[in-house]
Amino acid sequence: MLLAYLILSVALAAGVLLTQEERLMKAICWLFYGLQAAGAAWVVSCGIGRTALGFFTFDPTGALFHCLLALVSPVAFGYGLWYLDREDHGRRRLYNGLVMLLCVALTGVYYSNNIAVTWILLEATTLCTAGIIYHRRDRRSLEATWKYIFVCSVGITISYLGVLLFGGLSHGADLSYEGLARSAATANPLFLRLAFLFIVTGYSCKLEVFPLYTIGVDANMAAPAPASALVSTALVNGGFVSVLRVYRVMEPTDAFAWAFGVLVVAGIISVLAGAMFLRRTNHYKRFLSYSTVENMGIVLIGLGLGGFAAVAAVLHAAGHTLIKSSLFLQMSRIGKSYGHYQVSRIGGYMNVNRPGAVVFLVLTLLLLGFPPSPLFLSEVVIFREMAADGRWVLLAATVLILCSVMYNFARNILRLCYNPVRTVPQAEKPGYRLLIPVLLLVVSAAALGVWQPEWLARLFGAMDITIFN
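Residue numbering for the sequence shown follows the working numbering, beginning at 21 and increasing consecutively.
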């Protein structure tokens with residue numbers, strides 16, 4: 021089943037890259053996203069626990085993020101058709117083909133049960149994302165593309181050192197995560213610490229956390245806004261799943277407490293960096309990207325704490341996917357209306373597109389963790405675990421930094437909606453129909469914060485521990 025899915029998906033992407041007909045390209049793209057949704061539905065309904073091709077296992081964590089990808093990617097594609105409507109067919113088909121290949125690679129990352137296969141697929145996402153960043157083919161996009169390739173290559177090289185160290189510790193060259201967990205239980209703690217540090221450092225360029233978070237920010241600024249909705253969420257989730265699986269390998273070892281410290285330190289630095297740059301940036305897409313750095317820092321802190329906080333971290337990543345992708349899609353409407361994303365020159369959006377501005381304000385409240393946001397639930401659980409463990413300094417520091425984030429984020433969004441207009445918007449109708457799929461994501465995010473359908477509860481229930489009891 022998986023082999024057929026991969027072959028058909030790649031064939032559809034190749035068809036998009038080769039077709040000369042606009043209508044045929046759109047039809048192939050919609051067929052691809054329908055296939056992706058069908059695959060996610062099959063995994064949730066009857067595929068959990070199965071292994072395919074020896075290197076992929078359909079587990080609850082992968083299924084959750086696959087479902088999110090299947091939900092967000094077609095909405096981003098629809099926005100891309102509108103956002104790039106004035107560009108020539110060659111660029112549009114290359115853009116759509118690369119996005120489809122990125123989705124295929126990410127699906128493999130979500131389900132990979134082998135640390136080497138995960139590394140290979142993450143490298144494939146680098147190539148796809150680099151092509152998407154270079155879509156504009158101007159000086160800024162060229163610079164961002166080379167930076168992305170260089171930094172991600174450095175990150176992937178560093179993570180490869182971690183893969184080699186784990187491979188040296190394994191018995192019989194078994195690089196599956198289960199095999200690594202068995203080998204790690206009796207391995208030298210020093211080598212385990214080095215391997216985990218290399219993995220987290222290398223994958224931070226995908227996860228958009230300290231130390232290589234800046235490249236993700238540059239990529240989101242240069243890429244078309246609908247693509248940024250995927251890069252800042254689905255690709256970030258790929259990095260998170262990769263780190264999560266290695267973290268589980270460390271759990272039965274003597275180096276686990278050290279791994280906890282690495283994640284918490286990286287998380288708190290990421291939250292602090294995101295808060296600092298939220299205040300200083302003058303570009304709305306960079307603004308949203310630094311918010312991703314801050315939110316993924318919270319995810320790392322929760323994952324490092326373990327227990328209920330670890331599952332809350334998964335919930336936080338899921339909620340962030342729905343909310344942040346919606347914000348980037350709405351930002352594409354703002355960019356097309358004003359012709360740029362400069363914070364100091366944009367205002368009065370409430371008068372330009374009132375329904376869109378209202379949705380933007382609602383999304384802001386959800387991202388800042390106001391109920392019924394799933395981020396409210398996840399943050400409460402993470403803070404509770406900090407208090408239960410007696411980590412009062414960490415709790416106080418995190419809360420203070422998040423208060424700064426809330427102030428700066430709300431200030432800039434209110435400025436966007438209500439400040440006097442400094443740039444005259446381009447004469448273009450808002451296209452209210454584009455709000456419908458975003459509203460679907462908004463409702464899904466709000467529902468996730470107060471109620472989980474049975475199939476989703478089963479996914480969380482199949483994890484090590486659940487917060488929904």
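Positions of the beta carbon are idealized from the N, C-alpha and C atoms, including for glycine.
Nonlocal neighbours in the same chain, by C-beta distance under 6 angstroms from residue i, ignoring five residues either side
i: SER345; result: VAL92, ALA249 and THR253
i: VAL470; result: PRO392
i: ALA466; result: PRO392
i: ALA96; result: PRO246, ALA249 and LEU250
i: LEU436; result: ILE366 and TYR369
i: LEU387; result: ILE343
i: GLN56; result: ALA90
i: LEU397; result: GLY469
Beta carbon of residue i nearer than 8 angstroms to that of residue j
i: PHE76; j: GLY128; result: yes
i: PRO246; j: TYR103; result: yes
i: VAL30; j: VAL119; result: no
i: LEU88; j: ASN315; result: no
i: TYR180; j: HIS155; result: no
i: TYR131; j: GLY54; result: no
i: PRO394; j: LEU335; result: yes
i: VAL63; j: PHE78; result: yes
i: ALA329; j: ILE402; result: yes
i: ILE178; j: THR146; result: no
i: VAL363; j: TYR233; result: no
i: LEU292; j: THR149; result: no
i: LEU298; j: SER311; result: yes
i: ALA204; j: LEU189; result: yes
Those residues which DSSP pairs with residue i across a bridge
i: THR77; result: THR71
i: GLN362; result: HIS303
i: ASN134; result: SER196
For residue j and residue i, believed in contact at Cβ under 8 angstroms, the rounded distance
i: LEU195; j: GLY182; result: About 12 angstroms separates the two Cβ atoms, so there is no contact after all.
i: GLY287; j: GLY317; result: 4 angstroms
i: LEU455; j: PRO375; result: 6 angstroms
i: LEU347; j: LEU308; result: 6 angstroms
i: ARG213; j: TRP278; result: 5 angstroms
i: GLY151; j: ALA33; result: Incorrect: roughly 12 angstroms between the Cβ atoms, too far for contact.
i: TYR223; j: GLY199; result: Not a contact, Cβ separation roughly 20 angstroms.
i: LEU349; j: VAL458; result: 6 angstroms
i: CYS225; j: VAL171; result: 6 angstroms
Buried versus exposed call for residue i [16 or more other C-beta atoms within 10 Å across all chains shown]
i: PRO94; result: buried
i: LEU126; result: buried
i: ASN428; result: buried
i: LEU184; result: exposed
i: ALA58; result: exposed
i: GLY410; result: exposed
i: ASN371; result: exposed
i: SER65; result: exposed
i: LEU23; result: exposed
i: ALA447; result: Confidence at ALA447 is low in this model, with a pLDDT of 48, below 50, so the placement of that residue should be treated as unreliable; the coordinate-derived value is given next. By the neighbour-count rule (16 or more Cβ atoms within 10 Å), ALA447 is not buried but exposed.
Own chain, CB closer than 7 angstroms to residue i, minus 5 neighbours either side, in chain order
i: LYS305; result: ASN240, MET241, ALA245, SER248, MET351 and TYR361
i: LEU37; result: ARG113, LEU114 and GLY117
Same chain, Cβ closer than 8 angstroms to residue i, neighbours up to 5 away in sequence not counted
i: LEU385; result: SER393
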